[in-house]
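Student:
There are 2 protein chains.
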Amino acid sequence: MPSEEPAGYLGKAQKTLEKAKVQIGDRISIQTLDNTFEGIVIPRAEIGADDQHIVLKLDSGYNVGIHVDRIQQLKHLQSGKIIEPELPAVPRKTKKGLPWVSILSTGGTIASRVDYHTGAVNPALSADDLYTVVPELGDLANIRADVLFSEFSENLTPNHWTTIAKQTAKHLEESEGVVIAHGTDTMGYTAAALSFALQNLPRPVILTGSQRSSDRPSSDAALNLMGAVITAYQAPFAEVVVAMHRSPDDTKIALHPGTQVRKCHTSRRDAFLTINADLLGEVSDGKVHMLVDDSAYRHRNSKRKLTLQPEFDTKVALLKTTPGMTGDLIDSLIDRGYHGIVLEGTGLGHAPASLLKAIERTQEEQIPIIMTSQCIWGRVQMRVYRTGVELVQRGVISAEDMIAETAYVKLMWILAQTRDINEVQTRMRANLVGEITECSKRSQYEEMSHL
Amino acid sequence: MPSEEPAGYLGKAQKTLEKAKVQIGDRISIQTLDNTFEGIVIPRAEIGADDQHIVLKLDSGYNVGIHVDRIQQLKHLQSGKIIEPELPAVPRKTKKGLPWVSILSTGGTIASRVDYHTGAVNPALSADDLYTVVPELGDLANIRADVLFSEFSENLTPNHWTTIAKQTAKHLEESEGVVIAHGTDTMGYTAAALSFALQNLPRPVILTGSQRSSDRPSSDAALNLMGAVITAYQAPFAEVVVAMHRSPDDTKIALHPGTQVRKCHTSRRDAFLTINADLLGEVSDGKVHMLVDDSAYRHRNSKRKLTLQPEFDTKVALLKTTPGMTGDLIDSLIDRGYHGIVLEGTGLGHAPASLLKAIERTQEEQIPIIMTSQCIWGRVQMRVYRTGVELVQRGVISAEDMIAETAYVKLMWILAQTRDINEVQTRMRANLVGEITECSKRSQYEEMSHL
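Protein chains in written order, with this note's numbering: chain A, 26 to 476; chain B, 26 to 476.
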């Protein structure tokens, strides 16, 4: 969420608000030729579109967008209250017998719901807000809410992952599970990062978010949040998972394994897919239903001692190979002192011959290069064709069936611990937290080709 | 296919063959402790694996891999015949009444079948070879076969696209349709390239390949080739399509639109998926069955005059954004004089704020930046969130629902015609050959989330 005010307004609409000294969250009335609207000015970042409309949340709860050219009079009625994030927030009411669950907010569409509701600029996610937005939560669990930051997830960096990991570790000591509210854009990357950073987990960590802000009728925010909270205290596993809609309708929440999940659609509510693995489970009718065997996950055990390894080396790049690509980009990364490179090759893990010279340079400089596939599904197999063999001979390391995003995060995490290239190779190829599977499993790809 | 001999052999196996002056295609006998094998030495590139085995094609048609340590005696019996590619090859027998179809070979696994069969080094695809490998072709059509080159598709460049386009245009004048045998790794890129290069097509152009070489029992080569040939003379459309298995079994060949198709699995036979669109049709029981309305494609019309625009600007890069990414790579591309950049952003088309400064530099330098989504499915919508709005304000051009690979090819193609940034923007956002759809269509994603 941008910090300037009025948030998200541009051009004409921005000027109109500035002239009247109206801030987001202020109560105003707008008179047009045929109507008068009274309500709270809400941010536009989430609704977007043009620079011609001012959006009010009416007392009815509905939003209305009013074209600036239609405004005959604009009156400032009352300044909005700005919710200051409280760390940690105190839950409204503690109910005996209910499990404790932590909800850590990092921003994104799911957190911005509160924004709309209160009219505040900062997307806060206090326990009070939560209970107001999703009152059912109060019947499920006692919530510890904590706002870590308020960022769209495209702006989250490995430093944010470190903070989330540390805060999650702290909350895991007192709660049955930790829910992380997160923008969907890079949720898969953060899930992988937490999977590596939080070794030896005693209890589950659930990332959730929403594809549509919750003042839209089609919002998925409340159901995802409830599914995540139910998973936090009820799931038999102690794993990092992503909890998001399993289908466009509001019936099931899918639980995706943290290192094998990917946002695969820009806008659908079931945008996330499990890649090269089975879905861990799903939440429906208030219950977690496991979809894999008992042996396929680490079981919840509150006595297990978590090992925190929250550091990431940011001098890592992810490059997709393309026809006609030259060694330019790899050369640039070497020249700029990068510590590691993940390639998204084609097919079974191939790269154009035009890259071989630059790849040889990385070998001389002891910079590990990891091979993944832009196919997304399937395994890298670099010993089937000559191209792959030639890459292996030049030190390129196979990521097996890891998705590129997870290989990128894993390489950052390993390089924060060691720069020894043999050690990097050994750890990259080892299955540390479920990110590599021995043989290809049934997966969501199965259904895909049968339209 | 590598040109050195013995093709694909490494280490110990290579040395053993060199010592006995054995070339690929030669007939030899190998004696081991308990057996004697006689057959033709075939290339290893396709079978891969280690440097310990020599592979013979026995007279029975089966291949056998013999460990070099087990060899007690190796005898050279007869030199192999090397098939010289003939351009254009003369079809074996012309049958009156049968339609003419051209098959242009560029290399890849499908072309290497002939290799195995003849024992020749160069994957040749003469008409004779074809009829021998897939005798059913002779009952379907008269084949004009032409070997353009013998490259794994990861090594094909925009210059190869130009050659393929020109040769296809030539063959289209005389044949009912043109089939292009192509490696699967970058088949989607080439399909997009031909879609733009061959404007105003009179007849269909079909790319096909195989995921497994055809001396494996599970090979998909013959069925894909037959499906492609059937499509070439029978399909009602004049479009560039990819014809590959629709499911792992040998029942149906899917016909994917050339600008909306992507290799999505490293090894499955149904590796290709249509993205953000409907499958055009399928081939089963020797017939093309259309899956879209008559209005959804350009109809076959031999009198339509093809417009050839086969040039591509190679100073274009495709960059995927990642958490923690800095402006380094974009800066490098500007410094190295690149003419255009396609970003694979997150979600609806977002990039980290850390890239904004470098993106502003591209604007100053009049270098177009196109935004696609690494989600793969769905549409880029840069006016929903503030991040997108900020990118649009800095001149970033939305690729709408084009996949990243197609946007990359299209930008190369447009930049070969104009460097005017406004003109580039106009053409990138216009639907030229079906690469952009107005509204999201039913797609193979539908089925995916329902495991």
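We put the CB at the ideal spot given by N, CA and C, even for glycine.
Remember, it's a predicted structure, so these values are computed and weren't measured experimentally.
1. Would you verify that the beta carbon of residue 386 (chain B) is, or is not, closer than 8 Å to some beta carbon of chain A?
2. Taking the alpha-carbon positions, what's the residue 252 (chain A) to residue 276 (chain A) distance?
3. Sort A:202, A:132, A:218 and A:166 by Cα distance to residue 180 (chain A) and report the nearest one.
4. Please classify residue 58 (chain A): is it buried, with 16 or more other beta-carbons within 10 angstroms of its beta-carbon, or exposed?
5. Can you tell me where the beta strand (DSSP E) with residue 393 (chain A) in it begins and where it stops?
6. For the region 338-405 of chain A, which segments carrying the alpha helix (DSSP H) assignment without a break, of at least 4 residues, lie completely within its bounds, in sequence order?
7. Do residue 125 (chain A) and residue 199 (chain A) have their C-beta atoms closer together than 8 Å?
8. Give the DSSP-derived three-state secondary structure of residue 195 (chain B) in the structure shown.
9. Just checking: is the beta-carbon of residue 83 (chain B) within a distance shorter than 8 Å of some beta-carbon in chain A?
10. Checking 8 Å against the spacing of the C-beta atoms, do residue 346 (chain B) and residue 368 (chain B) come in under that value?
11. Looking at C-alpha atoms only, which residue of B:264, B:50, B:188 and B:364 is the closest neighbour of residue 340 (chain B)?
12. On a CA-only basis, which of A:91, A:63 and A:60 is nearest residue 39 (chain A)? Give me that one, please.
13. My understanding is that residue 261 (chain B) touches residue 212 (chain B), with C-beta atoms under 8 Å, so please give their C-beta distance in whole angstroms.
14. Within the continuous alpha helix (DSSP H) that includes residue 61 (chain B), where are the two ends?
15. Here's the rule: buried if 16 or more other CB atoms are within 10 angstroms of the residue's CB, otherwise exposed. What is residue 6 (chain B)?
16. What does a CB cutoff of less than 6 Å around residue 265 (chain B) pick up in its chain, not counting 5 residues either side in sequence?
17. Since residue 366 (chain B) contacts residue 392 (chain B) with CB under 8 Å, what's their CB separation in whole angstroms?
18. Judging by CA-CA distance, which residue of B:258, B:129 and B:376 is the nearest neighbour of residue 206 (chain B)?
19. Can you find a C-beta in chain A that's less than 8 Å from the C-beta of residue 296 (chain B)?
20. Residue 125 (chain A) versus chain B: which residues are under 8 Å apart at the beta carbon?
21. Would you decide whether residue 167 (chain B) is buried or exposed? Buried here means 16 or more other CB atoms lie within 10 Å of its CB.
22. What in chain A is Cβ-close to residue 382 (chain B), meaning under 8 Å?
23. Can you confirm whether residue 164 (chain B), when its beta carbon is compared against all beta carbons of chain A, has any partner nearer than 8 Å?
24. Just curious, the alpha helix (DSSP H) that residue 307 (chain A) is in, first and last residue?
25. Mapping DSSP to helix, strand and coil, what is residue 207 (chain B)?
26. Tell me the residue span of the beta strand (DSSP E) that contains residue 248 (chain A).
27. Kindly list, in the order they appear in chain B, the residues whose Cβ is closer than 8 Å to that of residue 229 (chain A).
28. Spell out whether any CB of chain A is found under 8 Å from the CB atom of residue 402 (chain B).
29. When DSSP labels each residue in this structure, what does residue 325 (chain B) get in the three-state scheme?
30. Quick one: any contact between the region 351-362 of chain B and the region 447-462 of chain B, if contact means 3 or more CB pairs under 8 Å?
31. Give me the residue from B:386, B:382 and B:396 with the minimum Cα distance to residue 374 (chain B).
32. Please work out which residues of its chain come closer than 8 Å, Cβ to Cβ, to residue 409 (chain B), disregarding the five sequence neighbours upstream and downstream, and give them in chain order.
33. Can the beta-carbon of residue 257 (chain A) be found less than 8 Å from the beta-carbon of residue 203 (chain A)?
34. Report yes or no: do the region 377-385 of chain B and the region 374-391 of chain A share at least 3 C-beta pairs separated by less than 8 Å?
35. Could you tell me which of B:119, B:183, B:174 and B:175 sits nearest to residue 162 (chain B), measuring between CA atoms?
36. Of the choices A:63, A:237, A:35 and A:94, whose alpha-carbon is the least far from that of residue 209 (chain A)?
Tutor: The short version:
1. So no, residue 386 (chain B) is outside the interface.
2. Straight-line Cα distance between these residues: approximately 10 Å.
3. Of the candidates A:202, A:132, A:218 and A:166, the one whose C-alpha sits nearest the C-alpha of residue 180 (chain A) is A:132.
4. Taking all protein chains shown into account, residue 58 (chain A) has fewer than 16 neighbouring C-beta atoms within 10 Å of its C-beta and is therefore exposed.
5. Where residue 393 (chain A) is concerned, there is no enclosing beta strand (DSSP E), because DSSP gives it neither an H nor an E.
6. You should have 353-360 and 381-389.
7. Yes.
8. If DSSP states are grouped into helix, strand and coil, residue 195 (chain B) belongs with the helices.
9. So no, residue 83 (chain B) is outside the interface.
10. Contact flag set, yes.
11. Restricting attention to B:264, B:50, B:188 and B:364, the CA atom closest to the CA of residue 340 (chain B) is found in B:364.
12. Comparing Cα positions, the closest option is A:91.
13. Taking the Cβ atoms as the reference, residue 261 (chain B) lies roughly 23 Å from residue 212 (chain B), outside the contact range of under 8 Å.
14. Looking at the DSSP string, residue 61 (chain B) is not in any alpha helix (DSSP H); the run it does join, the beta strand (DSSP E), is 61-66.
15. Because chain B in this structure spans residues 26 to 476, residue 6 (chain B) falls outside the shown range and cannot be described.
16. Cβ neighbours of residue 265 (chain B) beyond the five flanking positions: 216, 219, 220, 230 and 283.
17. Yes, they are in contact, since the Cβ atoms of residue 366 (chain B) and residue 392 (chain B) sit about 7 Å apart, within 8 Å.
18. Sorting B:258, B:129 and B:376 by C-alpha distance to the C-alpha of residue 206 (chain B) places B:129 at the top.
19. Yes, its Cβ sits closer than 8 Å to a Cβ of chain A.
20. What residue 125 (chain A) touches in chain B, judged by beta-carbon distance under 8 Å, is nothing: the nearest beta carbon there is about 30 Å away.
21. It counts as buried.
22. Chain-ordered listing is empty here: chain A has no CB closer than 8 Å to the CB of residue 382 (chain B), the nearest sitting near 14 Å.
23. By this cut-off, residue 164 (chain B) is not an interface position.
24. Boundaries for residue 307 (chain A): no alpha helix (DSSP H) harbours it, while the beta strand (DSSP E) harbouring it runs 306-309, taken from the DSSP string.
25. If DSSP states are grouped into helix, strand and coil, residue 207 (chain B) belongs with coil.
26. Per DSSP, residue 248 (chain A) belongs to no beta strand (DSSP E); it is in the alpha helix (DSSP H), 246-259.
27. Going along chain B, no residue has its Cβ under 8 Å from residue 229 (chain A), so there is no contact; the nearest lies around 21 Å.
28. Residue 402 (chain B) belongs to the set of residues whose beta carbon lies under 8 Å from a beta carbon in chain A.
29. Residue 325 (chain B): coil per DSSP, three-state reduction.
30. Contact fails: fewer than three Cβ-Cβ distances are below 8 Å.
31. If we check each option's Cα against that of residue 374 (chain B), B:396 comes out closest.
32. So the qualifying residues of the chain are 373.
33. With respect to the 8 Å criterion, residue 257 (chain A) and residue 203 (chain A) are classified as neighbours on the basis of their beta carbons.
34. No, the region 377-385 of chain B is not in contact with the region 374-391 of chain A.
35. When only C-alpha atoms are compared, the closest one is B:119.
36. Closest by alpha carbon: A:237.
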